[in-house]
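Note sheet for the following structure.
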Amino acid sequence: MLTKRIIPCLDIKNGRTVKGVNFVDLRDAGDPVELADIYSKAGADELVFLDISATEERRKTLANLVLRVAEKVNIPFTVGGGISSVEDVDILLQNGADKISVNSSAVKNPQLINDLASKFGSQCITVAIDAKQIDGAWKVHLVGGKVPTELDLFEWAKEVEQRGAGEILFTSMDHDGTKDGFANEALAKLSTELNIPIIASGGAGNKTHFVDTFIEGKADAALAASVFHFKEIEIKELKKELKDHKIPVRL
Amino acid sequence: MNIVIVNYGAGNIQSIKFAIQRLGFKAVLSNDPEEIKAADKVIFPGVGEASSAMKKLKESGLDTLIPTLKQPVLGICLGMQLMCNSTEEGETQGLGIFDVDVLRFNSDVKVPQIGWNQIESLQSELFNDVRESDYIYLVHSYYAPVTADTVATTNYGVTYSTALHKNNFYGTQFHPEKSSEVGEQILKNFLAL
Chain A
302 MLTKRIIPCL DIKNGRTVKG VNFVDLRDAG DPVELADIYS KAGADELVFL DISATEERRK
362 TLANLVLRVA EKVNIPFTVG GGISSVEDVD ILLQNGADKI SVNSSAVKNP QLINDLASKF
422 GSQCITVAID AKQIDGAWKV HLVGGKVPTE LDLFEWAKEV EQRGAGEILF TSMDHDGTKD
482 GFANEALAKL STELNIPIIA SGGAGNKTHF VDTFIEGKAD AALAASVFHF KEIEIKELKK
542 ELKDHKIPVR L
Chain B
4 MNIVIVNYGA GNIQSIKFAI QRLGFKAVLS NDPEEIKAAD KVIFPGVGEA SSAMKKLKES
64 GLDTLIPTLK QPVLGICLGM QLMCNSTEEG ETQGLGIFDV DVLRFNSDVK VPQIGWNQIE
124 SLQSELFNDV RESDYIYLVH SYYAPVTADT VATTNYGVTY STALHKNNFY GTQFHPEKSS
184 EVGEQILKNF LAL
């Protein structure tokens, strides 16, 4: 049976992990490659690297990092952050990324999704959508959730699917950082109305939140950062809990 | 051992090269027919869309070479699908090594299938030291139905061929290079053929 995926997310700046990571057994807590290796051994199903650098050399630095991760890690990984062209994607996939994710650039130029899907195949194109509720309506936001748009979450998600995205990574800005659980109502609606996998993001605080997002939120995968980085949740323990709730996981 | 990964411009081939490297071997990327013919093992990868991958294969003349190879050949993902008779994706004619037509998943399941699923009914030396129901990583929208050449199955709405074998030709729908220790064992088994 296809299992539900658990995905740690690593924020990257200038080739290094950004958020403090509480791994005592790490020689170099800032090295994304070493961290990725540890997560793959800990039972992560996939990894996401989100590049937040703003330097001119960022493309080259990221491409080098991808190559080093691919050399070491034997599970799939997705790379996102600032990707805005077919050329960007080409080099990242050539260097060994399994999937890439686009966010703001797809909102600004939706045709990019079609171009990427036809050149590389839908299976490696994830569209990340950040949204928050304004007067009860879910609106897509840009620049890490800072800039609101007029786009409705569900309409944009459907458009993204039609244009050839293989998967959606939905982050609720209302839930992100709260550790109060995922946006399960919106997730369930996305998962029911669309026919591509949905990754839940934003709000993970405890193991029950993951159980809830897979059952109530009908998510296909769940992504989190700090609960894993600070060892508040061990992936193996989390998967045991999910299994106890009859949720299929790779253990 | 001389391992060649067929390089015809179809997607992510670094991962398979690195996976072989992690097993202590070295693989070269090549689209040179002589070099491919001389290899001990040939890996035929493929990611992306079938008709454009087939077009690239034809442009390099490798479509006629691959079916004539005598050494063990492993097609991975789209590589495996192109070794079949045909695929619904882009109405593409395949290499005809495996006598089966590749179909698109029905919309009663989410398409593409992305993630870790299980391998069952294992019937090949490719799966030595691999257990029934072990997990492998898949990402695909099209599948090969069960056929006489099926040596492992996976279920996703339908039970389909997750691995095929005929003579010196092997194919896996899953990505052994991304399937953690299980995938490494399967690659190791292929290299030991």
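Residue numbers (this note's numbering), protein chains in the order written: chain A, 302 to 552; chain B, 4 to 196. Note that the Cβ used here is the ideal one computed from N, Cα and C, for glycine as well.
With respect to the 8 Å criterion, Q424 (chain A) and S144 (chain B) are classified as neighbours on the basis of their beta carbons.
When 8 Å is used as the limit between beta carbons, N158 (chain B) is near these residues of chain A: M302, in chain order. Looking at the backbone, the Cα of K361 (chain A) and that of P333 (chain A) are separated by about 16 Å.
Residues of chain B with a Cβ closer than 8 Å to the Cβ of E468 (chain A) are, in chain order, P115, I117. Exclusion of the five residues before and after Q434 (chain A) leaves D475 as the residues of its chain whose Cβ lies within less than 7 Å of its Cβ. DSSP places L417 (chain A) in the helix class (H, G or I) of the three-state scheme. Between the segment 117-124 of chain B and the segment 141-156 of chain B there are three or more inter-stretch CB-CB distances shorter than 8 Å, so the stretches are counted as touching. D132 (chain B) has its alpha-carbon roughly 18 Å from the corresponding atom of I23 (chain B).
For A371 (chain A) and R306 (chain A), the gap between their C-alpha atoms comes out near 19 Å. The closest CA to that of V105 (chain B), considering only B:T175, B:E92, B:E52, B:I69, is found on B:E92.
Separation of A487 (chain A) and A438 (chain A) (C-alpha to C-alpha, rounded to the nearest whole angstrom) is 10 Å. One alpha carbon belongs to N15 (chain B), the other to E180 (chain B), and they sit about 11 Å apart.
By the criterion of a C-beta distance shorter than 6 Å, I426 (chain A) is surrounded in its chain by L417, A418, A466, G467, once the five residues flanking it on both sides are discounted. Within the segment 104-150 of chain B, the runs of beta strand (DSSP E) that reach at least 3 residues and sit entirely inside it are, in chain order, 116-121, 138-143, 145-148. Around the Cβ of K113 (chain B), a 10 Å sphere holds 16 or more other Cβ atoms; the residue is buried. Inclusion of K44 (chain B) and P75 (chain B) in the CB contact set at 8 Å is warranted, their separation being smaller than that value. A contact is defined here as three or more CB-CB pairs under 8 Å, and the segment 538-546 of chain A fails this definition with respect to the segment 363-377 of chain A. From the beta-carbon of A22 (chain B), the residues of chain A found nearer than 8 Å are N375. Going by C-alpha positions, I376 (chain A) is about 11 Å away from V185 (chain B).
Between G478 (chain A) and H510 (chain A), the CB-CB gap reaches or exceeds 8 Å.
About 14 Å separates the CB atoms of V408 (chain A) and G381 (chain A); that is not less than 8 Å, and the two are not in contact.
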